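As they're listed, the protein sequences go chains A and B.
Going by our numbering, the first residue of the first sequence is number 1, and it counts up by one from there.
Going by our numbering, the first residue of the second sequence is number 1, and it counts up by one from there.
Beta carbons are placed, not taken as given, at the ideal position from N, Cα and C, and that holds for glycine.
Small disclaimer: the values here were computed from a predicted structure and weren't measured.
Protein chains: 2
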Amino acid sequence: MRTRVRISDVARKAGVSPTTVSHALSGKRPVGGEIKQRIFDVVREMDYRPNFFAGAIRQQKTMLAGVLVKDCVSSATTMLLETIEAELSLHNYEILLGIAGLDVEKGRHLMKKFSSGMVDGVINMLPQISNTEAIQLCGSTPVITHLRCPESPIYIDFEDGARQALEYLWGCGHRRIGLIASATRRYPVVDPFLTAYRNFMAAHNAESLPELEMTGNDTTAEGRAIADLLIGRGVTAILAANDQMAVGAYQAAYARGMKLPEELSVIGSDDSPLATSVYPALTTIQLPLREIARHTVEAFLNRVNGGAPRQTQVVIPRLIIRDSVAEVRSGTIAME
Amino acid sequence: MRTRVRISDVARKAGVSPTTVSHALSGKRPVGGEIKQRIFDVVREMDYRPNFFAGAIRQQKTMLAGVLVKDCVSSATTMLLETIEAELSLHNYEILLGIAGLDVEKGRHLMKKFSSGMVDGVINMLPQISNTEAIQLCGSTPVITHLRCPESPIYIDFEDGARQALEYLWGCGHRRIGLIASATRRYPVVDPFLTAYRNFMAAHNAESLPELEMTGNDTTAEGRAIADLLIGRGVTAILAANDQMAVGAYQAAYARGMKLPEELSVIGSDDSPLATSVYPALTTIQLPLREIARHTVEAFLNRVNGGAPRQTQVVIPRLIIRDSVAEVRSGTIAME
DNA sequence: CTGAAAGCGCTTACAG
DNA sequence: CTGAAAGCGCTTACAG
Numbered sequence: 001m002r003t004r005v006r007i008s009d010v011a012r013k014a015g016v017s018p019t020t021v022s023h024a025l026s027g028k029r030p031v032g033g034e035i036k037q038r039i040f041d042v043v044r045e046m047d048y049r050p051n052f053f054a055g056a057i058r059q060q061k062t063m064l065a066g067v068l069v070k071d072c073v074s075s076a077t078t079m080l081l082e083t084i085e086a087e088l089s090l091h092n093y094e095i096l097l098g099i100a101g102l103d104v105e106k107g108r109h110l111m112k113k114f115s116s117g118m119v120d121g122v123i124n125m126l127p128q129i130s131n132t133e134a135i136q137l138c139g140s141t142p143v144i145t146h147l148r149c150p151e152s153p154i155y156i157d158f159e160d161g162a163r164q165a166l167e168y169l170w171g172c173g174h175r176r177i178g179l180i181a182s183a184t185r186r187y188p189v190v191d192p193f194l195t196a197y198r199n200f201m202a203a204h205n206a207e208s209l210p211e212l213e214m215t216g217n218d219t220t221a222e223g224r225a226i227a228d229l230l231i232g233r234g235v236t237a238i239l240a241a242n243d244q245m246a247v248g249a250y251q252a253a254y255a256r257g258m259k260l261p262e263e264l265s266v267i268g269s270d271d272s273p274l275a276t277s278v279y280p281a282l283t284t285i286q287l288p289l290r291e292i293a294r295h296t297v298e299a300f301l302n303r304v305n306g307g308a309p310r311q312t313q314v315v316i317p318r319l320i321i322r323d324s325v326a327e328v329r330s331g332t333i334a335m336e
Numbered sequence: 001m002r003t004r005v006r007i008s009d010v011a012r013k014a015g016v017s018p019t020t021v022s023h024a025l026s027g028k029r030p031v032g033g034e035i036k037q038r039i040f041d042v043v044r045e046m047d048y049r050p051n052f053f054a055g056a057i058r059q060q061k062t063m064l065a066g067v068l069v070k071d072c073v074s075s076a077t078t079m080l081l082e083t084i085e086a087e088l089s090l091h092n093y094e095i096l097l098g099i100a101g102l103d104v105e106k107g108r109h110l111m112k113k114f115s116s117g118m119v120d121g122v123i124n125m126l127p128q129i130s131n132t133e134a135i136q137l138c139g140s141t142p143v144i145t146h147l148r149c150p151e152s153p154i155y156i157d158f159e160d161g162a163r164q165a166l167e168y169l170w171g172c173g174h175r176r177i178g179l180i181a182s183a184t185r186r187y188p189v190v191d192p193f194l195t196a197y198r199n200f201m202a203a204h205n206a207e208s209l210p211e212l213e214m215t216g217n218d219t220t221a222e223g224r225a226i227a228d229l230l231i232g233r234g235v236t237a238i239l240a241a242n243d244q245m246a247v248g249a250y251q252a253a254y255a256r257g258m259k260l261p262e263e264l265s266v267i268g269s270d271d272s273p274l275a276t277s278v279y280p281a282l283t284t285i286q287l288p289l290r291e292i293a294r295h296t297v298e299a300f301l302n303r304v305n306g307g308a309p310r311q312t313q314v315v316i317p318r319l320i321i322r323d324s325v326a327e328v329r330s331g332t333i334a335m336e
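Encoded structure:
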């Protein structure tokens with residue numbers, strides 16, 4: 001029972017050569033009608049399945065993409081992973097999944113292991129491994145680093161997304177807007193949310209208000225603590241660099257007995273499932289995931305097939321308006 | 001550049017046979033100190049990495065576990081996937097990930113593909129594919145179906161978890177408790193939450209209150225709609241079969257301007273990241289994930305190594321008390 | 001239209 | 001301690 005049936009078993013039983021069985025199955029060469037029929041019958045009867053890797057080793061292709069992620073729980077990764085999977089499976093690629101946490105060593109280990117012939121190429125989404133290091137670790141196996149570097153196939157214009165959010169808040173009369181930027185998103189240089197914030201305030205002749213620019217580590221708990229500080233400093237609205245931290249702002253407000261969105265407006269980023277789970281539903285910056293996945297996979301396939309790296313594609317997020325932003329009461333606007 | 005270096009390249013350069021290189025690397029046979037040194041030097045210099053599958057095919061082991069999941073977004077799957085990964089990687093197994101959605105055909109396709117020598121065994125977590133069908137699809141490749149069947153290595157005693165939650169609510173004075181059971185969890189027979197609810201009410205000489213037993217499809221939206229009905233029927237507390245639906249109950253209450261937990265107590269299940277993202281933090285039933293993953297992986301390895309299926313292990317969830325349950329005001333208790 | 005033989009890149013009896 | 005040869009299960013020139 002535990003012993004697999006091989007192509008030679010099928011050949012023997014069908015009274016032909018393995019070569020013919022192989023060709024009948026792959027269709028790469030014509031095979032006589034009657035013989036073909038007999039082969040298919042035997043295949044069905046014996047439940048023969050060609051050993052995938054025996055073929056792969058001969059053809060020098062595994063049809064596997066190694067995908068390295070930090071975790072599988074945070075919604076940003078998870079949503080991306082799922083769209084990338086969908087896109088890859090369109091091209092008959094399966095995913096060899098590596099979950100490395102923030103452990104540098106585990107990341108390196110996995111990348112080396114994957115690139116020893118296990119996969120045709122790897123997609124590096126690990127924050128702890130730079131593109132340069134990834135290339136070195138992967139040797140002759142092509143690797144693309146997902147974001148965070150000039151060589152990434154995709155550049156998400158977070159700055160524009162943040163600008164859209166700020167414009168919307170401004171249009172609703174908010175003048176004292178708190179920012180919770182992300183400490184992990186440092187490409188280019190600093191979190192684009194911070195750049196957007198400063199540029200926006202400058203463009204509107206508002207003071208840059210450094211006491212309202214904060215940076216958090218992406219968790220709800222941190223979002224809550226920072227938001228509490230910001231509320232203490234009199235903000236009427238908060239823009240957070242991800243939904244987790246935005247939801248932390250909800251908690252800070254609720255803990256003070258404030259009403260949302262009347263007493264505090266909040267905007268998040270990512271449009272994770274969280275955004276529609278909380279009350280009121282969170283207005284948030286949505287990433288064009290399909291587009292991102294498509295470009296990423298295209299770049300991956302291109303590299304796997306020996307093409308040169310392509311130009312980075314710029315992608316623009318979009319503000320999804322839900323129920324977490326209210327107009328500032330006229331009294332407050334007059335203050336301006 | 002794109003051409004890989006083979007063991008024979010290393011052997012030639014080091015002036016030894018491939019056999020010796022192989023043994024030096026695997027350590028399966030003593031190799032002379034000086035020669036060994038030379039081999040290691042050449043390996044480093046040429047950046048040689050043994051082709052994983054060439055070895056695998058010879059050894060009839062791929063060290064890959066095929067894991068089939070419905071999605072990668074819902075937190076229950078995601079948390080489980082991550083713990084299983086951690087456990088598998090302890091045994092040097094990597095995960096070949098298949099995301100099948102609810103599509104029956106895609107699930108079948110992946111299972112067949114995986115079992116054609118790609119993996120040593122598969123872990124089936126797809127609701128749409130029963131254990132019987134999985135076994136048939138996998139042929140000679142061992143497969144274990146994660147939950148939902150008597151042959152599963154794990155049985156989570158959801159009924160006991162629900163009982164704990166009901167007892168806690170009862171102890172806080174709640175008498176009119178609404179239930180939102182899960183439509184997808186039908187093993188054994190019906191959602192154990194429903195069984196627990198009926199048994200509990202019977203044991204406390206309470207009427208079974210069929211108008212308070214509802215079933216939802218696991219989403220926040222559905223949880224909200226059902227909770228709205230239940231609130232209309234005068235419940236003081238709601239027990240939901242997952243956190244998503246529990247959070248839907250939050251939304252229903254907030255939409256009516258009710259205060260949580262004073263005017264409505266809520267308990268969820270799974271202890272997903274959502275539970276600590278909402279306000280007030282959700283009291284919920286926690287699954288012993290580590291234990292589940294450990295047993296599952298043990299069963300997997302056992303089957304892969306030719307062992308017979310083992311007995312199902314029963315695992316008990318545990319109520320995590322946070323801030324979403326309040327005591328019923330004395331006036332209401334008097335009603336009893 | 002069909003088959004015998006070589007080869008993918010390794011590992012492992014077998015022989016020394 | 002070392003190497004030549006066979007073999008893992010396929011595919012694909014090569015020959016007919």
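Give the DSSP bridge partners of residue i, in chain order.
i: L137(A); result: In DSSP, L137(A) forms no bridge with anything.
i: G117(A); result: DSSP, once it has assigned bridges, lists no residue as partnering G117(A).
i: R318(B); result: Q286(B)
i: A252(A); result: A252(A) is not bridged to any residue.
i: S265(A); result: A237(A)
i: Q313(B); result: I154(B)
Thinking residue i and residue j are a contact (beta carbons under 8 angstroms), I'd like their distance in whole angstroms, please.
i: L289(B); j: M79(B); result: 6 angstroms
i: R220(A); j: S277(B); result: Before going on, a small fix: residue 220(A) reads as Thr here, not Arg. Yes, T220(A) and S277(B) are in contact; Cβ-Cβ is about 5 angstroms, under 8 angstroms.
i: T296(B); j: H146(B); result: 6 angstroms
i: I123(A); j: F300(A); result: 6 angstroms
i: V10(B); j: V42(B); result: 5 angstroms
i: L229(B); j: M214(B); result: 7 angstroms
i: P50(A); j: L25(A); result: 7 angstroms
i: G117(B); j: P142(B); result: G117(B) to P142(B), Cβ: 13 angstroms. No contact.
Short check: CB of residue i to CB of residue j, under 8 angstroms?
i: D191(B); j: I316(B); result: no
i: G98(B); j: S115(B); result: no
i: V119(A); j: A86(A); result: no
i: Y250(A); j: V266(A); result: yes
i: I238(B); j: A227(B); result: yes
i: V235(A); j: G178(A); result: yes
i: V231(B); j: A252(B); result: It should be pointed out that residue 231(B) corresponds to Ile in this sequence rather than to Val. Taking 8 angstroms as the Cβ cut-off, I231(B) and A252(B) qualify as a contacting pair.
i: L166(B); j: A181(B); result: no
i: E327(B); j: C72(B); result: no
i: E151(A); j: N131(A); result: yes
i: N217(B); j: A196(B); result: no
i: G257(B); j: G223(B); result: no
i: T127(A); j: K36(A); result: Sequence check: residue 127(A) is Pro here, not Thr. Contact: no.
i: D323(A); j: A76(A); result: no
i: G268(B); j: L287(B); result: no
i: P309(A); j: R303(A); result: yes
* For the stretch 183-210 of chain B, which residues have a CB atom closer than 8 angstroms to at least one CB atom of chain A, in sequence order? -> none
* At a Cβ cut of 8 angstroms, what residues of the stretch 130-149 of chain B count as close to chain A, listed as they run along the chain? -> Those would be G139 and S140, in chain order.
* To do: Output the residue ranges of the beta strand (DSSP E) runs that lie fully inside the stretch 52-137 of chain B and measure 3 residues or longer, sorted by chain position.
  => 64-69, 94-99 and 121-124
* Asked: Mind pulling the alpha helix (DSSP H) runs of 4 or more residues that sit fully within the stretch 134-216 of chain B?
  -> Counting whole runs of 4 or more residues, the stretch 134-216 of chain B contains the alpha helix (DSSP H) stretches 158-171 and 192-203.
* **Uninterrupted alpha helix (DSSP H) stretches inside the stretch 268-305 of chain B (no shorter than 4 residues)** => 289-304
* When Cβ atoms are compared, which residues of the stretch 24-56 of chain A fall closer than 8 angstroms to chain B? -> Listed by position, the residues of the stretch 24-56 of chain A near chain B (Cβ gap below 8 angstroms) are D47, R49, P50, N51, F52, F53, A54 and A56.
* Got a sec: which bits of the stretch 254-280 of chain B sit with their beta carbon under 8 angstroms from any beta carbon on chain A, in order along the chain? -> Y254, A255, P273, L274, T276, S277, V278, Y279 and P280
* Asked: In the stretch 79-92 of chain A, which residues sit with their C-beta less than 7 angstroms from some C-beta in chain B, listed in chain order?
  -> M79, L81, E82 and E85
* What residues in the stretch 292-311 of chain B have a beta carbon less than 7 angstroms from any beta carbon of chain A? -> Within the stretch 292-311 of chain B, the qualifying residues are G306.
* In chain order, which continuous runs of the beta strand (DSSP E) of length 3 or greater are located wholly inside the stretch 30-55 of chain A? -> none
* chain B contacts from the stretch 310-324 of chain A (Cβ-Cβ distance under 7 angstroms) -> none
* According to a CB-to-CB cut-off of less than 8 angstroms, which residues of the stretch 224-246 of chain B neighbour chain A? -> Q244
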